[in-house]
Every structure is written in structure tokens, then in C-alpha cells.
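Chemist: Numbering (my numbering), first residue to last: 1116 to 1488.
From the three backbone atoms N, C-alpha and C, an ideal C-beta is built for every residue, glycine too.
Questions regarding the structure given below will be posed in turn.
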């Protein structure tokens, strides 16, 4: 067994952490991992980061805050989930600073990590802690250096939930970061790595053209030369005050290279403009999305695609948009969803996020599953 997971649901860090250590033992001794990936509530995140690095000094320890996290042991909003890999991988890691302004300034850390890792059967996992439009800058930085390498990239934008007075954060080797992107390149020595994206939406019959947008601000003022909020509200048959809440079930979408990409609504303003979690360009054709039901069929299709790549997954890391988790909770499917992960993807932990990054492109409202053979 080369991958261990640990899970503790407890809002008090000093109660949760001993439970984690107890689960990461073999023959009454702590395991000696090469890599530790963790996620937790933001109240205790910095402390967990330091404690994990102290407990496993020879491991690369990387983590992100999360609103909801999950593992074969359950689902929680407070506490911590940990994945520890003891053998069969090599890793290299680094930090991109000034994520919201100029991550390219520290691009040398990506180059250095890339130069010392095997390129075949390798993936890059990144967590970023600034949701102010930094994702495109971060993706551009990675793409410039390793975009042609064949290394698949997945990651997410950290979210805070339990304690809104404490910001979302990421960490690497015991150090906390709040305007940075931490990453680890993982080479699977004895098998493949698969990266699969899942979408749970379908195109409705409502289409619009963006006629006035500020791409840098991710803000749209007009669809079809009319108030953006008014156009979308009419299509949803909702009041403009209800648009953001209904984005869980009905985000907007567009086609990107033949792929359906959701556009999550972030905020609706008094002037009728709307902001989104990803860029919307002028003259882009967008449409309202509906949930693809039954969603259980979507899950089954994802499982088939994963197993076509890796018939017998050893362990997996799962990223979900917070809106998806909220949708599963609203439709009373969250436990069923976690059972599906447990059935199909080996040992795993999962994180929720405010945005997902898939192969050098920033996305919204999807699931990413990074699977190791």
C-alpha cells in the first residue's frame, strides 16, 4: 500500500490532528511519505501545514483551504483530509509569488522544478490563493514553460468558508501563502497518470451574444445590446436578485475548441452588469445551461472514461467546484456522489474550489480527477 489517506471531522485542530497521525501509522510507526497533499478548513489551515511538515520532514507537503472536503471516510466542512504517498513517485515543487499581479516574475521556480523531474507519466498539481483574476496569469506562466512538455496540469483556486474573517490560503512545506500559487510536479514511476474532466450541464435553448464586456474585470455589461442581468433573468424566468443563487443550477456556457465550458456567475450589480468567475470576451456567443439529468449517468460515463485510461486506479485526487458540491447538497446527492468516488477511484481525497484549472486553461463548475495507476 503506497497511498494512505486520513480524515478527521473536528473544528478543533488539537483534536483533529492526533486522529490524522493515528491513521498514518503502520505497525504503530508513522509512515514515511514522499508526498503529502492536504486540505482543511481555513481556521486551522496554517497550523495543520506546520504540523504536517514537522511530522513528515522528508516529504513535500502541499495544501489548500477548502469549503468542503471528502474522502472514503466521509464529507466535512471542518477538520482535515490528508493523502500521503510513500513510494513509486518522485516529486519537485515550487511557488509562484505575486499571483494576482505578476506570477511570471518567479517563473524560474517552475523551470527549476521541470528540469529535475522525469517528463513521462508526470502531472503538475497547483493550488492558488488569489481569486482576483490571477488564474489566467498563472496558467500563462505554466504554459510558457511546460505547456509543450506533455505534462498534464490540474489545479484550483482556494476558497474559505468556515471563517470568512480568515482568507483562503495555500501552503508548501509548512509555509503559508495568501497571494501565491504553490505547485508540485509528480512523476509516477511504475504506471500512468490520467486527468479527466467532468461536466454536469447541457445546453438550453437560450443563446446570447456578448456586446459589451470588460475582459480584465471579468464583467459583462450587455448581452445582445441589452442589460446583461435583464437578458439572463428573462431566460431564467427569475428576478435579477436571484441570478447568482440560481447559477448553481443554471450557469452560462460557451464552446471552447469543441468543449462545453461553464461560466459561473459571481455577482450581479445595480447597473445591470454581471461579473463572472472566468473571462467572457466581446462578441462571444454564450448560452444558458441546464443540469444534465440524471446526473448519475454523468458519473457513470466519467468512470468509464477514467477506467479506459487506467483500468485499476491506485489512488486519485479530486477537485470539485463549490457550485457543484452545493448542487449535490441541494438535490440530496452529496453522500451518493462520495460513494461513487469511493467505488471507482481507489484511495482518494477531494477539495472544493472557486475555480478549476485544466491543462493550462482556467475553468468553472467542473470536476477534475487526477488518477494514478
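1) Can you tell me whether residue 1406 is helix, strand or coil according to DSSP?
2) Do residue 1174 and residue 1296 have their CB atoms nearer than 8 Å?
3) Bridge partners for residue 1485 per DSSP, in chain order?
4) Should the segment 1156-1170 be regarded as contacting the segment 1441-1459, the criterion being three or more beta carbon pairs within less than 8 Å?
5) Ordered along the chain, which non-local residues of its own chain (more than five positions away) have a Cβ less than 7 Å from that of residue 1368?
6) Between residue 1256 and the rest of its own chain, which residues show a CB-CB distance below 7 Å, the 5 nearest in sequence each way excluded?
7) What are the boundary residues of the beta strand (DSSP E) that residue 1368 is part of?
8) Would the beta-carbon of residue 1271 fall within 8 Å of that of residue 1200?
9) By the three-class DSSP mapping on this structure, what secondary structure does residue 1374 have?
10) Can at least three beta-carbon pairs, one atom from the segment 1178-1197 and one from the segment 1151-1161, be found at a separation below 8 Å?
11) Check residue 1321 in the structure and name its three-state DSSP category.
12) Confirm, please, whether the CB-CB distance from residue 1330 to residue 1392 is below 8 Å.
13) Quick one: Cα of residue 1135 to Cα of residue 1388, how far?
14) Is residue 1346 near residue 1323, with beta carbons less than 8 Å apart?
15) CB-CB under 6 Å to residue 1138, same chain, minus the five flanking residues each way: which ones, in chain order?
16) What's the gap between the Cα of residue 1204 and the Cα of residue 1341?
17) Residue 1253 and residue 1229 - do their beta-carbons sit closer together than 8 Å?
18) Report all residues from its chain with a CB closer than 7 Å to the CB of residue 1364; omit the five preceding and five following residues, and keep chain order.
19) Please name the residue in 1124, 1481, 1237, 1191 whose C-alpha comes closest to that of residue 1450.
20) Could you give the distance in angstroms between the alpha-carbon of residue 1127 and the alpha-carbon of residue 1274?
21) Please return the same chain residues whose Cβ sits closer than 7 Å to the Cβ of residue 1292, not counting the five positions on each side in sequence.
22) Given residue 1478, which residues of its chain have a CB within under 8 Å of its CB, disregarding the five upstream and five downstream residues?
23) I'd like to check one pair, residue 1486 with residue 1308: are the Cβ atoms closer than 8 Å?
24) Which partner residues of residue 1400 appear in the DSSP bridge assignment?
25) Quick one: is residue 1482 buried, meaning 16 or more other Cβ sit within 10 Å of its Cβ, or exposed?
26) Rounded C-beta distance between residue 1333 and residue 1390? I'm assuming under 8 Å.
Modeler: With the structure as the only source:
1) Residue state, collapsed to three classes: strand.
2) No, Cβ-Cβ distance for residue 1174 and residue 1296 is not below 8 Å.
3) Checking the DSSP bridge columns, you'll see residue 1485 partnered with 1310, 1432.
4) Verdict: no, contact absent.
5) Cβ within range, chain order: 1316, 1318, 1375, 1376, 1377, 1378, 1401, 1402, 1404.
6) Within the same chain, residue 1256 has close Cβ partners 1211, 1218, 1219, 1222, 1225.
7) Under the DSSP assignment, residue 1368 falls in the beta strand (DSSP E) whose first and last residues are 1367-1371.
8) No; because the gap between Cβ atoms is not below 8 Å, this pair is not in contact.
9) Per DSSP, reduced to three states, the secondary structure at residue 1374 is strand.
10) The segment 1178-1197 is in contact with the segment 1151-1161.
11) Note: residue 1321 maps to strand in three-state DSSP.
12) Taking 8 Å as the cut-off, the Cβ atoms of residue 1392 and residue 1330 do not count as close.
13) If you take the alpha carbons of residue 1135 and residue 1388, they lie about 46 Å apart.
14) Residue 1323 is positioned such that its CB atom lies closer than 8 Å to that of residue 1346.
15) In chain order, 1121 place their CB closer than 6 Å to the CB of residue 1138, counting only its own chain and leaving out the 5 sequence neighbours on each side.
16) Distance between the alpha carbons of residue 1204 and residue 1341 is about 54 Å.
17) No.
18) So the qualifying residues of the chain are 1406, 1442.
19) Nearest C-alpha to residue 1450: 1191.
20) Going by the C-alpha atoms only, they are around 19 Å apart.
21) Answer for residue 1292: 1210, 1244, 1284, 1285, 1286, listed in chain order.
22) So the qualifying residues of the chain are 1312, 1376, 1377, 1393, 1470, 1471, 1472.
23) Yes, Cβ-Cβ distance for residue 1308 and residue 1486 is below 8 Å.
24) Secondary-structure assignment with DSSP links residue 1400 through a beta bridge to 1324.
25) Flag for residue 1482 reads buried.
26) With a contact defined as Cβ atoms closer than 8 Å, residue 1333 and residue 1390 qualify at about 6 Å.
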